[in-house]
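Right, one structure below, let's go through it.
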Amino acid sequence: MKHLLVTGGAGFIGANFVHYWMKTYPQDVVVVLDALTYAGNFANLDSVSDLPTFKFYQGDISDTHLVENILREHRIDTLVHFAAESHVDRSISGPDAFIQTNIIGTHSLLKAVKKVWLDEGLHRETHRFHHVSTDEVYGTLEAEDPAFSETSQYAPNSPYSASKAASDHLVRAYHHTYGLQVTTSNCSNNYGPYHFPEKLIPLVITNILLNQPLPIYGDGRQIRDWLYVEDHARGIEQVIQKGQLGECYNIGGINEWANIDIVKLICDLMNCEFAENTSLATKYPQALSVIKGNAQELITFVQDRAGHDRRYAIDPKKSNNELGYQPLESFETGIYKTLQWYLNNDCWWRAVMDGSYRKWIAQQYRTAE
Ligand code: NAD
Ligand code: TYD
Numbered sequence: 245m246k247h248l249l250v251t252g253g254a255g256f257i258g259a260n261f262v263h264y265w266m267k268t269y270p271q272d273v274v275v276v277l278d279a280l281t282y283a284g285n286f287a288n289l290d291s292v293s294d295l296p297t298f299k300f301y302q303g304d305i306s307d308t309h310l311v312e313n314i315l316r317e318h319r320i321d322t323l324v325h326f327a328a329e330s331h332v333d334r335s336i337s338g339p340d341a342f343i344q345t346n347i348i349g350t351h352s353l354l355k356a357v358k359k360v361w362l363d364e365g366l367h368r369e370t371h372r373f374h375h376v377s378t379d380e381v382y383g384t385l386e387a388e389d390p391a392f393s394e395t396s397q398y399a400p401n402s403p404y405s406a407s408k409a410a411s412d413h414l415v416r417a418y419h420h421t422y423g424l425q426v427t428t429s430n431c432s433n434n435y436g437p438y439h440f441p442e443k444l445i446p447l448v449i450t451n452i453l454l455n456q457p458l459p460i461y462g463d464g465r466q467i468r469d470w471l472y473v474e475d476h477a478r479g480i481e482q483v484i485q486k487g488q489l490g491e492c493y494n495i496g497g498i499n500e501w502a503n504i505d506i507v508k509l510i511c512d513l514m515n516c517e518f519a520e521n522t523s524l525a526t527k528y529p530q531a532l533s534v535i536k537g538n539a540q541e542l543i544t545f546v547q548d549r550a551g552h553d554r555r556y557a558i559d560p561k562k563s564n565n566e567l568g569y570q571p572l573e574s575f576e577t578g579i580y581k582t583l584q585w586y587l588n589n590d591c592w593w594r595a596v597m598d599g600s601y602r603k604w605i606a607q608q609y610r611t612a613e
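Note that our numbering gives residue 351 to position 107 of the sequence shown, counting from 1, and the numbers run on in steps of one.
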């Protein structure tokens, strides 16, 4: 039986991980520490919040005193670290929060676990710090380049990816220097339920339902490798169970798509859903383009993101060979589940998209001349 501390457990991937873990290991204790920034939402944890094995703390990972007390009080033996500022566009317009949470916050956590696990000796031999990172630390690929492997050189290009790269190095250094028992996973782009609608896939789905433009940065030919979020949770599970201490594992979907193709696919799937299910037009009367069967008319090319990485792709050999890891969801089934989730959970996305987010996003997008 494990006692987990999940940082950032009220965010997109953290909440999906908590659901997956509590379903798979109902005997384990799961404690979530989350600052509930704009991206964190306690409603993401509604379905587990009443379980006796679940506990939630609203707080900052930089609050070392709070983290140490949580570790002691709940006899935490496994920390899964998701908490981060995670949106590249926000890192371009305001990098400070990324340095604070992703670098200084991660270092505060490392200091706290070192103190309690190593210096005080709670679970000295049996602890695990799992750090959740991104493939963006490796920079960008050209069309013909081989996918990123665990030995690819770090070459982060955005303030977001640079801050994640710095946190990866700190985690590695605490293993090498102090013997902290760590693992790291570097994952490709996730999609699925509870994805904050500032990221491409949920933004496109919700904007179709609100009949808003679908902003495509630059030429839309940038490529991402998409993974269903529960498959990411499974990958982290495998690393925690079987990963070698001090090692990094890449987790990906073997599912590369150009942005414009994915946006067109979502438009087509939504057109079909509305054609087959006429009650959707009543539920979403504003969604005029998709009601007409022409969601693609909302596609709008806008100014490119500064320093936009062209392509990400994951070489999954190490996690396949050493952990036996394979994604279970095909893109077809994963994107279908995701569309259904957003169609059925408009209360959730309308609530997270209120005031402040809409104002921020309105300032970001300028239609290309
Ligand atoms: P998210 O932005 O949806 O959630 C981040 C969560 O962290 C939020 O609940 C937020 O409230 C919390 N948080 C932020 N600052 C905090 C702080 N100082 N103290 C405590 N909590 C804080 O992010 P996500 O998409 O769920 O990403 C989770 C992790 O996975 C991140 O580390 C990210 O770098 C990594 N990752 C994300 C993707 C992706 O496609 N989204 C892919 C690979 C890796
Ligand atoms: P995003 O979901 O922000 O993830 P990341 O930048 O971490 O890969 O963006 C995915 C891709 O979609 C990326 O190439 C930027 C592009 N994009 C758009 O073209 N329009 C948008 O409105 C957004 C949010 C992203």
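Ideal Cβ positions, reconstructed from N, Cα and C, are used throughout, including at glycine.
(request) Compute the Euclidean distance between the alpha carbons of residue 507 and residue 579, then round it to the nearest angstrom. (result) Rounded to the nearest angstrom, the gap between the Cα atoms of residue 507 and residue 579 is 12 Å.
(request) Please work out which residues of its chain come closer than 6 Å, Cβ to Cβ, to residue 425, disregarding the five sequence neighbours upstream and downstream, and give them in chain order. (result) Within the same chain, residue 425 has close Cβ partners 371, 372 and 489.
(message) On the CB-based measure, 16 or more other CB atoms within 10 Å of its CB, does residue 259 come out buried or exposed?
(response) Looking at its Cβ environment, which holds 16 or more other Cβ atoms inside 10 Å, residue 259 is buried.
(message) For the segment 336-353 against the segment 400-407, do three or more pairs of beta-carbon atoms, one drawn from each stretch, fall closer than 8 Å, so that the two count as touching?
(response) Touching, per the Cβ criterion.
(message) Quick check: the Cα distance between residue 377 and residue 427, rounded to an integer number of angstroms?
(response) Going from the Cα of residue 377 to the Cα of residue 427 covers about 10 Å.
(request) Report the three-state DSSP secondary structure of residue 427 (helix, strand or coil). (result) Annotated three-state conformation of residue 427 is strand, per DSSP.
(message) Would you say the beta carbon of residue 252 is closer than 6 Å to some non-hydrogen atom of ligand 1?
(response) Answer for residue 252: yes, Cβ within range of ligand 1.
(request) Could you tell me whether the Cβ atoms of residue 542 and residue 457 are closer together than 7 Å? (result) Here residue 542 is near residue 457, since their CB atoms are less than 7 Å apart.
(message) Taking 8 Å as the limit between beta carbons, can you name the residues of its chain near residue 402, skipping five residues before and five after?
(response) Excluding positions up to five away in sequence, the list reads 332, 335, 336, 380, 551 and 553.
(request) Could you pull the start and end residues of the beta strand (DSSP E) that residue 460 belongs to? (result) Start and end: 458-461.
(message) Does the distance between the C-beta of residue 283 and the nearest non-hydrogen atom of ligand 1 fall short of 6 Å?
(response) Relative to the non-hydrogen atoms of ligand 1, the Cβ of residue 283 comes within a distance shorter than 6 Å of at least one.
(request) May I have a chain-ordered list of the beta strand (DSSP E) segments no shorter than 3 residues that lie completely inside the segment 480-525? (result) Whole beta strand (DSSP E) segments, 3+ residues: 492-495 and 500-502.
(request) Reducing DSSP to helix, strand and coil, say where residue 246 ends up. (result) Residue state, collapsed to three classes: coil.
(message) Let's see if you can read the secondary structure: which residues bound the alpha helix (DSSP H) around residue 448?
(response) It spans 444-453 - the alpha helix (DSSP H) in which residue 448 sits, taken as one unbroken run.
(message) Mapping the DSSP letters down to three states, classify residue 230 as helix, strand or coil.
(response) Lying outside 245 to 613, the shown extent of the chain, residue 230 is not represented and no answer is given.
(request) Would you identify the three-state DSSP class for residue 613, choosing helix, strand or coil? (result) Note that residue 613 scores 39 on pLDDT, short of 50, meaning its location in the model is unreliable; the coordinates nonetheless yield the value given after this. In the three-state DSSP reduction, residue 613 falls in the coil class, being neither helix nor strand.
(message) Can you tell me which residues form a DSSP beta bridge with residue 382?
(response) In the DSSP secondary-structure assignment, residue 382 is not bridged to any residue.
(message) Distance check for residue 388 and residue 286, CA to CA, integer angstroms please.
(response) Cα to Cα, the separation comes out at about 42 Å.
(message) For ligand 2, I want to know if residue 193 counts as a neighbour, meaning its beta carbon is within less than 6 Å of at least one of the ligand's heavy atoms.
(response) With the chain covering only 245 through 613, there is no way to say anything about residue 193.
(request) Note down, in chain order, each residue of its chain lying with its Cβ closer than 6 Å to the Cβ of residue 268, except the 5 sequence neighbours on either side. (result) There are no such residues.
(request) Within the same chain, show all residues whose beta-carbon is closer than 7 Å to that of residue 476, passing over the 5 residues directly before and after it, in chain order. (result) The residues are 257, 431, 434 and 495.
(request) Determine, using beta-carbon pairs with one atom in the segment 462-473 and one in the segment 564-579, whether at least three such pairs fall under 8 Å. (result) Counting C-beta pairs with one atom in each stretch, the segment 462-473 and the segment 564-579 have three or more that are closer than 8 Å, which means they touch.
(message) Check this for me: beta carbons of residue 530 and residue 455, under 7 Å apart or not?
(response) Cβ atoms of residue 530 and residue 455: closer than 7 Å.
(request) Assuming residue 311 contacts residue 362 (C-beta within less than 8 Å), just tell me the rounded distance between them. (result) Their Cβ separation, rounded to whole angstroms, is 14 Å, which puts residue 311 and residue 362 out of contact at 8 Å.
(request) Please confirm whether any heavy atom of ligand 2 lies closer than 6 Å to the CB of residue 468. (result) Because some heavy atom of ligand 2 lies under 6 Å away, the Cβ of residue 468 counts as near it: yes.
(request) Using beta-carbon positions only, say whether residue 253 and residue 262 come within less than 7 Å of one another. (result) Going by beta carbons, residue 253 and residue 262 fall inside the 7 Å limit.
(message) For the beta strand (DSSP E) containing residue 302, name the first residue and the last one.
(response) In this chain, the beta strand (DSSP E) harbouring residue 302 covers 298-302.
(message) Are there any heavy atoms of ligand 2 lying less than 6 Å away from the beta-carbon of residue 459, as far as the coordinates show?
(response) Yes - ligand 2 has a heavy atom lying nearer than 6 Å to the Cβ of residue 459.
(message) Please state the DSSP three-state secondary structure of residue 598.
(response) In the structure shown, residue 598 sits in coil (DSSP, three-state: anything other than H, G, I, E or B).
(message) Is residue 349 near ligand 1 - that is, is its Cβ less than 6 Å away from at least one heavy atom of it?
(response) The closest heavy atom of ligand 1 lies less than 6 Å from the beta carbon of residue 349.
(message) Which same chain residues end up closer than 6 Å to residue 386 when comparing Cβ atoms and leaving out the 5 residues on each side of it in sequence?
(response) Residues of the same chain with their beta carbon placed closer than 6 Å to that of residue 386 are lacking, with the five preceding and five following residues left out of the count.
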